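Going by full-length UniProt numbering, 5 is the number at position 5 of the sequence shown; the sequence numbering is gapless.
Notes follow the structure.
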Amino acid sequence: MRAARLHEYTHDMSDGLSIDDVDAPQVASGDDVIVEVEGAGWCQTDNHIIEGMWDQYVPQDLPMTLGHENAGTVVETGDDVDIVSEGDQVICHPVQTCGTCRPCRQGETMYCENDAFNGLTTDGGFADQLLTSDRSVIPLPEGVDPADIAPHADAGITAYHAAKKAVDGLNPGDTAVVIGIGGLGHIGLQCLDAMCAADLVAVDIKQSARDLADDLGAHYTIDPESEDVASEVEAISDGVGAAQVLDFVGADETTALAPDICAAGGDHHIIGYGGHIHEPAQALVNGEFAYQGNIVGQYTELQELVALVERGAVDLHTTQYDLGEVNTVAQMLEDREIDGRAVITP
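Structure follows, in structure tokens:
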């Protein structure tokens, strides 16, 4: 079968992956599930993996097939699988968990001590087929196209995970700021809109992204290149500041906004990454705000997100590309030329 493989780390996105012929996956244990991939979302994390940014955090044996946002049709299962059958359409949580370690027993599946992460630590879905497990697949509602929903496997649940935490700190009339209305941010904005009654403020340098935010429920938009974000948030919130900030960019410039835009006791959620946090301890003490890290949501949160999708509360904006266009997509994302989410369709 065909697979888009990373052979060595590089900063040249135009030539990062090669299309190789590899052996198709085989069922080797009772809980295995093999999925014919119909859609695999491209993520900024894929660019970071190609650059080698994750090498110091997780083991990566190259060459490796990338792709962690996958959905498609089950083509084979192990003998112990009863949650899905051949022919079922599914979305695949990117993490395959053991189910028996202490974090798994507590429901914290993202902290699994024996996990395998598709496209990060094990072969992913930029390929004709994907090997996963029954603990990672969720049957799709009737009428949902796997290619349309695939990015929710990571972008969706990561955004939902952050929004769900933020909602606990939002009351009607509070202000919530969403920084970056891209592949994750446009989902996070919709999740906030579906789950709270706060005033939603979208911040993005691109006019097309701010227009999309308007369409998706933002009450205010800010252009950080022509407007002062802190002054605008102060005016919108009547001087209180933002009770919750969802930062889908995670650059030095956006994390630095926290002391000036967070309300007392507020949270600045870091979802995008690549930058750093350089703030004096006194700034946190003075405002009693907190930086909150976010990783991929739990299996159950993917179930909850699929329910929102089925209800029509969250809509993905996607563009589809052939498997052979993976490097083109990587370069386009690097150049900020993609609105919404790119989906590879093997």
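For each residue, glycine too, the CB sits at the ideal point set by N, CA and C.
Predicted model only: the values in this text are computed from it and were never measured.
Nonlocal neighbours in the same chain, by C-beta distance under 7 Å from L62, ignoring five residues either side: Along the sequence shown, read from residue 1 onward, the residue named residue 62 stands at position 62. These residues qualify, in order along the chain: L6, H7, E8.
Quick one: does Q331 have its CB under 8 Å from some CB of chain C? Looking at the structure shown, chain C is missing, and only one protein chain is on hand.
Assess contact between the region 66-79 and the region 32-39, defined as three or more Cβ pairs (one per stretch) separated by less than 8 Å. Is contact present? Counting Cβ pairs under 8 Å, three or more are found: they touch.
Going residue by residue through the region 48-105, where are the continuous alpha helix (DSSP H) segments of at least 4 residues, counting only ones entirely within it? For the region 48-105, whole alpha helix (DSSP H) runs of length 4 or above, ordered along the chain, are 102-105.
Among L189, H48, Q298, P139, whose alpha-carbon lies nearest the alpha-carbon of P103? Within the sequence shown, residue 103 is the residue found at index 103, counting from 1. The option with the nearest alpha carbon to P103 is Q298.
Threshold first: 4 residues or longer. Then list the alpha helix (DSSP H) segments lying entirely within the UniProt domain "Alcohol dehydrogenase-like C-terminal" (183-310), N to C. Complete alpha helix (DSSP H) runs here, min 4: 185-195, 207-215, 229-236, 252-255, 258-261, 281-287.
Do the region 212-221 and the region 242-253 meet, that is, are 3 or more Cβ pairs less than 8 Å apart? Segments in contact, no.
What's the gap between the Cα of G180 and the Cα of D204? Position 180 of the sequence shown holds residue 180. Position 204 of the sequence shown holds residue 204. Those two C-alpha atoms are separated by around 5 Å.
Go to Y321, then tell me how far its beta strand (DSSP E) extends in each direction, as first and last residue. As a working mapping, residue 321 is identified with position 321 in the sequence shown. Taken as a continuous stretch (DSSP letters only), the beta strand (DSSP E) holding Y321 covers 318-322.
Can you round the beta-carbon distance between A155 and L130 to whole angstroms, since I take them to be within the 8 Å contact cut? Translated into positions along the sequence shown, residue 155 becomes position 155. Translated into positions along the sequence shown, residue 130 becomes position 130. Under the criterion of beta carbons closer than 8 Å, A155 and L130 do not qualify as touching, at roughly 17 Å.
For T318, is the classification buried or exposed, using 16 other Cβ atoms within 10 angstroms of its Cβ as the cut-off for buried? As a first step, residue 318 is located in the sequence shown; it is residue number 318 there, counting from the start. It counts as buried.
Please work out which residues of its chain come closer than 8 Å, Cβ to Cβ, to M1, disregarding the five sequence neighbours upstream and downstream, and give them in chain order. Looking up residue 1 in the sequence shown gives position 1. Excluding sequence neighbours, M1 sits near D21, V22, D23, A24, A127, D128, Q129.
DSSP-derived helix/strand/coil call for Q26: Numbered from 1 along the sequence shown, position 26 holds the residue referred to as residue 26. DSSP places Q26 in coil when its eight states are reduced to three.
Nearest to D260 by CA position, among L284, G250, V249, is which residue? In the sequence shown, residue 260 corresponds to position 260, counting from 1. It is L284.
Whose CA, out of G119, G87, D134, lies closest to the CA of G99? Against the sequence shown, residue 99 aligns to sequence position 99. The shortest C-alpha to C-alpha distance from G99 to any of G119, G87, D134 is the one to D134.
Measure the alpha-carbon distance for A163 versus H68 and round it to whole angstroms. Residue numbering aside, residue 163 sits at position 163 when the sequence shown is read from its first letter. Residue numbering aside, residue 68 sits at position 68 when the sequence shown is read from its first letter. If I take the Cα positions, the gap works out to 21 Å.
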